[in-house]
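Engineer:
In the working numbering, the protein residues as written are 297 to 498.
(1) Over the uninterrupted alpha helix (DSSP H) stretch that includes residue 385, give me the two end residues.
(2) Flag this pair as touching only if the region 402-412 and the region 348-362 have three or more C-beta atom pairs under 8 Å; answer yes or no.
(3) In the DSSP assignment, find the unbroken beta strand (DSSP E) run with residue 460 in it and report its ends.
(4) Between which two residues does the alpha helix (DSSP H) holding residue 376 run?
(5) Is residue 496 helix, strand or coil when you go by DSSP?
(6) How many angstroms separate the CA atom of residue 382 from the CA atom of residue 395?
(7) Taking the DSSP output, what are the residues bridged to residue 432?
(8) Could you tell me the distance, in whole angstroms, from the CA atom of residue 491 to the CA atom of residue 424?
(9) Reducing DSSP to helix, strand and coil, say where residue 411 ends up.
(10) Using only alpha-carbon positions, find the residue among 434, 407, 373, 368 that is nearest to residue 390.
(11) Near residue 445, which residues of its chain fall below 7 Å by C-beta distance, leaving aside the five closest residues on each side in sequence?
(12) How big is the Cα-Cα spacing for residue 428 and residue 412?
(13) Could you tell me whether the Cβ atoms of residue 430 and residue 459 are closer together than 8 Å?
(14) Let me know if residue 416 comes out buried or exposed under the rule of 16 or more other beta-carbons within 10 Å of its beta-carbon.
Laid out in structure tokens, this is it:
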């Protein structure tokens, strides 16, 4: 073998050995890396996108004048960052669903499915033939100021025990949570907290 060629081979041997070690390590640990590290990286990026949608949705709801609170809760955003997605199916009962599109959009961005019913009759029909894990409802509907509460009472009378969260335009907090309801609020931040509470219990 040519002496000059041998010298060149000796010079590059450490580099070849280094890359060979890297290749062996990669082949040995490729599966744990792909299954463990990469999902966390992609999940972090996905949350970054998801979080921006959540924040924009909450800000939109507040600007629409749903509540006097005009700040996105930092504790809520922190909670969402650790929230494992759950395929919750939500029936939202409201005769004006356009007024809650920001809030329903936030819930859907958390991986849940939100469907609407404009009347109590339609909601009852759907509950009788479909499975929902949570109901979000207004209280004033049509000409009745208590239709949401009356509907919940009819649900309970026929053993429909899904949790009900009331989302109202103005809330008198001195009255507390209506008996039989999971919660009540006029604050978009609190609404999402309540929805997450239900999801975590299920």
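By construction, the Cβ of each residue, glycine as well, lies at the ideal position given by its N, Cα and C atoms.
Structural biologist: Considering the structure as presented:
(1) Position 89 of the chain shown holds residue 385. No alpha helix (DSSP H) holds residue 385; the beta strand (DSSP E) holding it covers 385-389.
(2) yes
(3) Numbered from 1 along the chain shown, position 164 holds the residue referred to as residue 460. It spans 460-463 - the beta strand (DSSP E) in which residue 460 sits, taken as one unbroken run.
(4) Counting from 1 along the chain shown, the entry for residue 376 is found at position 80. Element bounds for residue 376: 370-377.
(5) Taking the chain shown and counting its residues from 1, one reaches residue 496 at position 200. In the three-state reduction of the DSSP assignment, residue 496 falls in the helix class, which pools H, G and I.
(6) Your numbering for residue 382 matches position 86 in the chain shown. Your numbering for residue 395 matches position 99 in the chain shown. Each residue's alpha carbon lies about 25 Å from the other.
(7) Locating residue 432 in the chain shown gives position 136, where the first residue counts as 1. Beta-bridge pairing links residue 432 to 388, 461.
(8) Position 195 of the chain shown, counting from 1, holds the residue named residue 491. Position 128 of the chain shown, counting from 1, holds the residue named residue 424. Cα-Cα distance, rounded: 22 Å.
(9) Walking along the chain shown from the start, residue 411 turns up at place 115. Strand.
(10) For the purposes of this step, residue 390 is taken as the residue at position 94 of the chain shown. Looking at the Cα atoms, 434 is the closest of the given residues.
(11) Here residue 445 refers to the residue found at position 149 when the chain shown is read from its first residue. Closer than 7 Å at the Cβ level, and outside the excluded window around residue 445, lie 435, 474.
(12) By one-based count along the chain shown, residue 428 stands at place 132. By one-based count along the chain shown, residue 412 stands at place 116. The straight-line gap from Cα to Cα measures roughly 11 Å.
(13) In the chain shown, the residue the question calls residue 430 occupies position 134. In the chain shown, the residue the question calls residue 459 occupies position 163. For residue 430 and residue 459, yes; Cβs fall inside 8 Å.
(14) As a position in the chain shown, residue 416 is number 120, starting the count at 1. Residue 416 comes out buried.
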